[in-house]
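Numbering (my numbering), first residue to last: 4 to 576.
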């Protein structure tokens, strides 16, 4: 393979240089990246289907390094200096050409129409691809349509707005380009850049030359990607570049693309489409190495040290060692290790420890309460929290309809022992097919009557709340006067409470009197994260109950709201 009558080597070819640096051990890379680079080097050297011409790639890299300025602090307005991985990616994407098209038609047709770049967050992927988009905007074909796309408009705006900020820095007076409400325009040749998201109407019928799909992990279907691919069918050199971290959606668009990518890397897919698809996966070789070998972090973070801070990752790993929520998020977003949409929340040792109390010792205390009303035809839970000597004492009563004890309705196979628990006083059985919510309100009243434990405020969820509020009002606790209040059951509301419960359980600051129903619920509890790093307690199977866990977390949200007031009135009593 020759380049300008010179033999290709690591001094004039970024692909060969990158591969050589990895082989020498100067750059640490994961197996999947090393295997794909080996495939590409073999194609460069031995595969006559392609020839290698770096002219287009070098023009774009020259533009990026001499015209583009960075848009984010602490690098704002500084010239872009491409890292070796970025140089190699750009060169590979634009330099492999199809030999047959050149011989038959004298056309320079790029091999790669589609690329997948999976890389951990904060490795400058959006900034890099925005710069690449600007280079295509200024150096690409006349009248081309360039697209910034993602699952929603806000995400699509990230690359689009970055492209525009870069444009403003190299064309400060809008002499050659301009932006209106619909697109960014190059004046001399009508090349346009616009956004496309799942909410965009009329996704069909477009004529797209070049596209960036950002954060593909959020996409449940391939609707956007397929629309873009179909719109490129008339183009000689279309490009669709998918950039993303790993995500939490199971069986979504990204899962399918990574499955295809791995088949290509392993040589299992040799179809025509696979030969035109460039998969670059910055992934770890194992989860264990993340916690035992800091140097392995470079495998999923090729910009580590140059852009992403090493001490930041150290802090993230430290948090991941003590928090399940942090662990799931960090492994997924900082190391590209796929996490299930829901993972087991607690380890057994987190909640199985010796801690008992005598309720008589809590006589005269004030408490906060919460009730889980999610299903009045199933298990229901009421809890009270007393804060004393830095320990949260949790009082609990479960309620269940009598019909749930029938053999055909029992949850025994899921680990439930309702009859046994009821006999021991952990569950109140309600006659009929649903729960009498007046009995739930009566439980709080009995705490006052029998043990002089005073309910200060009580939370409830939004479902089936009307009857409960009426029952509470009969005992003197009114929503009107702020005695009871709603606690929304969503990740935004409960995330901090979940973190606090987890920390307190691990620190043995919760005394739940070793309630066996609580233990069962803890074991059934999984946590599901959203992309804002916020968690919500969920269950994997319908037969598993998590009512006790959900109620405890919601009770902790009440504690977060009224910690100081509870402390004040407790000191006065």
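Where a beta carbon is used, it is the ideal one built from N, C-alpha and C, also for glycine. Since the model is a prediction, treat every value here as computed from it, not as a measurement.
- Straight across, the Cα-Cα distance linking residue 150 with residue 486 is about 54 Å.
- Under the three-state reduction of DSSP, residue 209 is assigned to coil, being neither helix nor strand.
- DSSP, read as helix, strand or coil, puts residue 482 in coil.
- Assigned with DSSP and collapsed to three states, residue 72 falls in strand.
- Between the segment 564 to 573 and the segment 279 to 293 there are fewer than three inter-stretch CB-CB distances shorter than 8 Å, so the stretches are not counted as touching.
- Out of 246, 241 and 228, the CA that lies nearest to the CA of residue 217 is found in 246.
- Here residue 200 really is in contact with residue 154; their C-beta atoms are around 7 Å apart, less than 8 Å.
- Bounds of any beta strand (DSSP E) do not take in residue 526; it lies within the alpha helix (DSSP H) bounded by 519 to 527.
- By the 16-neighbour rule on beta-carbons within 10 angstroms, residue 491 is exposed.
- With contacts defined as CB atoms closer than 8 Å, residue 53 and residue 101 qualify as a contacting pair.
- DSSP places residue 165 in the helix class (H, G or I) of the three-state scheme.
- Residue 237 counts as exposed, since fewer than 16 other beta carbons sit within 10 angstroms of its beta carbon.
- For residue 360, there is no enclosing beta strand (DSSP E), since its DSSP letter is neither H nor E.
- Within the DSSP bridge table, the entry for residue 374 names 385 and 463 as partners.
- Ranked by Cα distance from residue 55, the first of 21, 35, 355 and 114 is 114.
- The segment 342 to 349 and the segment 530 to 546 touch, with three or more beta-carbon pairs separated by less than 8 Å.
- For residue 552, the enclosing alpha helix (DSSP H) stretches over residues 550 to 575.
- Linking residue 453 to residue 255 through their CA atoms gives a straight-line distance of about 54 Å.
- Judged by beta-carbon spacing, residue 389 lies within the 8 Å limit of residue 368, meaning their Cβ atoms are closer than that value.
- As the crow flies, the alpha-carbon of residue 51 is around 12 Å from that of residue 105.
- A straight line joining the alpha-carbon of residue 442 with that of residue 161 spans about 53 Å.
- Per DSSP, the continuous alpha helix (DSSP H) segment holding residue 323 begins and ends at 313 to 323.
- Residue 446 sits close to residue 385, with the two beta carbons spaced by under 8 Å.
- Three or more beta-carbon pairs separated by less than 8 Å are not found between the segment 313 to 321 and the segment 88 to 97, which leaves the two stretches without contact.
- Closest option to residue 77, judged by alpha-carbon separation, among 89, 127 and 108: 127.
- Note that the C-beta distance between residue 22 and residue 11 is not below 8 Å.
- Bridge partners of residue 148 according to DSSP: 195.
- Taken in chain order, the complete beta strand (DSSP E) segments of 3 residues or longer contained in the segment 36 to 83 are 53 to 55.
- Segment contact: the segment 488 to 506 against the segment 460 to 479, three or more CB-CB distances shorter than 8 Å; contact assigned.
- Nearest Cα to residue 553 within the set 293, 568, 527 and 570: 527.
- Per DSSP, the continuous beta strand (DSSP E) segment holding residue 280 begins and ends at 280 to 284.
- Distance check between residue 38 and each of 99, 267, 192 and 478 places 267 closest, using alpha-carbon atoms only.
- If you ignore the 5 residues before and after residue 307, its C-beta comes within less than 8 Å of the C-beta of 126, 300, 301, 313 and 316, all in its own chain and listed in chain order.
- Here DSSP, grouped into helix, strand and coil, assigns residue 506 to helix.
- Look at residue 245 here: in three-state DSSP terms it is strand.
- In terms of Cβ geometry, residue 371 and residue 459 form a close pair [threshold 8 Å].
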